[in-house]
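The structure appears below as structure tokens.
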Amino acid sequence: MGRANLTGVCALALFVLVFPFGARLLGVSHYTDIMIFVGLSSMMTMGLSLLMGYAGQISLGHAAFYGLGAYTSGILSAKFAVNPWLAMLLGALLSALVAVVVGSPSLKLRGHYLAMATLAFGEIIFIVINGWIALTDGPDGFGNIPSLSAFAFGFDSISSNYYLVWSVVIAMLVFVLNVIHSRVGRALMAIHGSEVAAMAMGVHAAAYKIQIFIVSAVMASLAGSLYAHYVQFINPPVFGLFFSIKLVMMVVIGGMNSVWGAILGAALITFLPEWLLFFEDFDVLAYGMILLLIIMFLPKGLVSLPAAVYRLAKTGGTRAG
Amino acid sequence: MDETGNIMEIWRLTRSFGGLTAIANLEFTVPRGIIKAIIGPNGAGKTTLFNLISGVLKPDTGRIVFKGRPIAHLKPHQVAARGISRTFQTVELFPEMTVLENVMVGRHLRSRKGLFSVGVKLPGCRREELDIVEKADYFLQLVRLGHRAGEPAGSLPLGEQKTLEIARALATEPELLLLDEPAAGLNPTETEAIGRLLRDIRDRGITVVLVEHDMHLVMNVSEEVMVLNYGRKIADDRPEAVRAHPEVIDAYLGVDAHYA
Amino acid sequence: MEGYGLTNQLLQYAITGVTVGSIYAIVAIGFNIIYNATEIINFAQGEFVMLGGLVMISLVHSAGLPMPLAFAATICVVTCVGLLMERLAVFPLRKSTVIRLVIVTIAVSILLKGLAMFAWGKNPFALRSFSGDAPLPFFGATVVPQTLWIVGITVVLVFLLSLFFKKTILGKAMSACAVNPDAASLVGIKVQRMVMLSFMLSAGLGAVAGIIISPVSLMEYDRGSLLGLKGFGAGILGGLGSSYGAVVAGVLLGLIESFGAGLVSSTYKDAIGLGVLLLVLFIKPSGLFGSAEVSKLKKF
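Those protein sequences? They're chains A, B and C, same order as listed. My numbering numbers the first residue of the first sequence as 1 and each following residue consecutively. My numbering numbers the first residue of the second sequence as 1001 and each following residue consecutively. My numbering numbers the first residue of the third sequence as 2001 and each following residue consecutively.
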């Protein structure tokens, strides 16, 4: 994966390791809880960045897979006493299956049409979750979801969930970086760069698009399951349209073409309410403004900011952006 | 294996777009191991023909037989897997990837590790990756672009971009190479270099079919020349015979045949 | 007597279907106009509808303006929003990638939603009906006067639009741009101005839709998304680029939804419409009246 990325992974692991202690020292120990959500979002944004930045496809319905994972885990473990790990696995399998069924026809569409199809799909899942009261308790949601446990150690506390979630994030990060720096990653970038040329070189574009869609769906599903077992209560609003859009926002703001951008974007957007006072009334407005500014003036995301500043300094700001 | 010594045979190929017939009842063969040029006025259907052969388009009627097996129904990546590679009239590089990485994509067919294997870095992945880099570098050196290996492909001048596209196509180790206007936009020196490269490719046993407007290059380098006009074949012979062919001269009447 | 009751029920569903379908039709036409001029799908189209409703409500109920004046003023305001969107967000990115354009219209839609949430809060509002609420009998079912307004205005709108595009110079210029922008600019039509006008026109249309529907169903800051999505569905169903198709498809979609809600399940009412959208996209993206060749040629 290259020396730079390997260093990055180690640095991130170290940072994650000491973060809770630092947070407590600085008197913001609730940041650890927020970081769990950063981690969950990162799992989803990393998958989305593979899909959007590398394979060049858009998904505006990814919260649906988050929801499928959370609800499968929640329903199976809370109502049918299934082992939480097994429930998580089943959730992932369900999401993979749905991804194949929905993705195969969708990924034949392009650009705007694909965006709309994923939007519609996400909404349909949300409506079903809301409406199938017998199974999901509808808008009220349900609780009593057991936490995960391994060898008599229960992941009950904020700390234990924090380290669990971030272990998974780092494992996924390594996986994604490995994929990017392989013939598969190059095939994806080729599809994005020129699909017709990629096909002419023997790259089966449709197959790769579906594979990446499935991978990103499974990553979101696992995040959903971890969410359910951590918060131990789930209800529909978390998994709606706006969260799907938020995920895309995180990817774009952080940097579509970079897995690091995905994590950065997740961290920024998740911490935003914490840093902007009176955020409640302005949150949607703020999100819209930030996304608009980034996509217009810094389309490669914040991760490209150092390079952009460097270029600007070199040419004295005379070159067109 | 084909007994006739032809690597490709086209039978009664037809393709229309709405009311426009781009290729009409076209039939020709490509003997193995030669350089064959396809020429004709603009709009004669030459790029459509390439798109039909490489699987980008499906013919309305007709057969395309490659190494004795029909391929007209195949998708582009399957056609590539059978041993046909190509370049494009408007250069279709992967601009954000480096020069070397572009050629490495050409090694896709000659490598196998899948998504899961590379993700968890199963044993054998590193070895395959090293092999890909090594072979890609070989083809890059072959076209004398080794010094550009680390640069973004989009930053190269046009002539080098076209050469890079050829290197990428060669990296698939094809048996048949389709080149769509490899010399378009190049100056005489660059065109001559392309000519030498084409002969080198042929000498390695690869059959070359090229679409070209540069008559000098075509006459110099090809063993067979086929002339298309309005989607129909009006000549298919050795270069000297084609040059003197009355219908060919007619089709080109008033058109300056030397593009430099 | 039971048969009589069922017929009434079905007729009632049909009336609801045509009513809501008219709205989908107008939204679909809005999508069409922008798509024809730019090949962009405007994700903020639904927000124009939402703004139309909310601005009208404020002008009528808070500012106390008489309805016709408020109607005109609302259309002006929302049309300006459309203009601003085109000038500030779309025009600068006109040569950019599809992903970037998709995201910019999404960003604007979020921005507009945020502005609405800021200005009006999260509560739904109602608009006073145009001519009262006394239900009128209609072959055994009942029709609210507003329904007649909705259908009537939709019909007039479609008629005026087709006159505009076929008979006026400006309209013909816009059509020309849609078909062949290069040729259009060669004969002196300023393509950029046509794009600008298309956004303004779509915004104005969206506003009308929002205004006429608000008395019947409430309006709130986040109604735009679902309305936009369904309107897009109607546009696709009819074949993007075909205005008559949009009307037929809009009404069809409204009817499917209404009968689905009444006969099958009202919980999943929205899912039905969205399901239709997905089916169209998967099976025949060129829609009922579009041609497959044309839709393949359009680059998305």
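The C-beta atom is built at its ideal place from N, Cα and C for all residues, glycine as well. Keep in mind the model is a prediction, meaning the values are calculated, not measured.
A straight line joining the alpha-carbon of residue 1214 of chain B with that of residue 1183 of chain B spans about 7 Å.
Bounds of the beta strand (DSSP E) holding residue 1011 of chain B are 1006-1017. For residue 110 of chain A, no chain B residue has a C-beta closer than 8 Å to its own C-beta; the minimum C-beta separation is roughly 16 Å.
Between the segment 2226-2239 of chain C and the segment 2131-2140 of chain C, the count of C-beta pairs closer than 8 Å stays below three; the two stretches do not touch. For residue 1180 of chain B, the pairing in a beta bridge is given by DSSP as B:1211.
Taking the CA atoms as reference points, residue 91 of chain A sits about 34 Å from residue 1075 of chain B.
Counting only runs of 4+ residues, the alpha helix (DSSP H) found wholly inside the segment 1059-1093 of chain B occupies 1076-1082, in chain order.
At least one CB of chain B lies nearer than 8 Å to the CB of residue 215 of chain A. In the three-state scheme derived from DSSP, where H, G and I count as helix and E and B as strand, residue 2137 of chain C is classed as strand. Listed in chain order, the positions of the segment 1120-1135 of chain B with a beta carbon within less than 9 Å of a beta carbon of chain A are 1120, 1121, 1125, 1128, 1129 and 1132. At least one beta carbon of chain C lies nearer than 8 Å to the beta carbon of residue 113 of chain A.
The Cβ atoms of residue 88 of chain A and residue 225 of chain A lie closer than 8 Å to each other.
The criterion of a C-beta distance shorter than 8 Å is not satisfied by residue 1142 of chain B and residue 1099 of chain B. For residue 2202 of chain C, there are no neighbours in chain A by C-beta distance under 7 Å, as the nearest C-beta there is about 15 Å away. For residue 1106 of chain B, the chain A residues whose Cβ falls inside 9 Å of its Cβ are 201 and 202, in order along the chain. Bridge partners of residue 150 of chain A according to DSSP: A:153. Residue 243 of chain A and residue 7 of chain A have their C-alpha atoms spaced approximately 31 Å apart. The C-beta separation of residue 1029 of chain B from residue 1006 of chain B comes to about 4 Å, placing the pair in contact by the 8 Å criterion. Taking all protein chains in view, the Cβ of residue 97 of chain A is surrounded by fewer than 16 other Cβ atoms within 10 Å, so the residue is classified as exposed. The segment 2175-2187 of chain C and the segment 2113-2123 of chain C do not touch, with fewer than three beta-carbon pairs separated by less than 8 Å.
Membership of residue 1031 of chain B in the beta strand (DSSP E) is indicated by the continuous run 1020-1031. Residue 1235 of chain B has B:1227 as its beta-bridge partners, per DSSP. In the displayed model, residue 2219 of chain C falls within a strand according to three-state DSSP. DSSP, reduced to helix, strand and coil, places residue 1036 of chain B within a strand of the structure shown. Proximity of chain C to residue 299 of chain A at the Cβ level (cut-off 7 Å) is accounted for by 2100, in chain order. Against chain C, a Cβ distance below 7 Å from residue 195 of chain A picks out nothing, because the smallest value is about 12 Å. By the neighbour-count criterion, in which a residue is buried when 16 or more other Cβ atoms sit within 10 angstroms of its Cβ, residue 2068 of chain C is exposed. In the structure shown, the three-state DSSP call for residue 2251 of chain C is helix. For the options C:2270, C:2279 and C:2284, the alpha carbon positioned closest to that of residue 123 of chain A is the one of C:2270.
The C-alpha of residue 54 of chain A lies about 8 Å from the C-alpha of residue 185 of chain A. Setting aside the 5 residues that flank it on each side, residue 1113 of chain B is surrounded in the same chain by 1122, 1124, 1125 and 1128, each with a C-beta closer than 8 Å to its C-beta; the list follows chain order. Of all residues in the segment 278-298 of chain A, the ones placed with a Cβ closer than 8 Å to any Cβ belonging to chain C are 281, 282, 283, 284, 285, 286, 287, 288, 289, 291, 292, 295 and 296, in chain order. Of all residues in the segment 245-263 of chain A, only 245, 248, 249, 252 and 256 place a beta-carbon less than 9 Å from a beta-carbon of chain C. Contact between the segment 2074-2082 of chain C and the segment 2259-2274 of chain C is absent: fewer than three C-beta pairs spanning the two stretches fall below 8 Å. Distance from the Cα of residue 2030 of chain C is smallest, within the candidate group C:2043, C:2018, C:2019 and C:2125, for C:2043. Residue pairing by DSSP places residue 142 of chain A opposite A:234 in a beta bridge.
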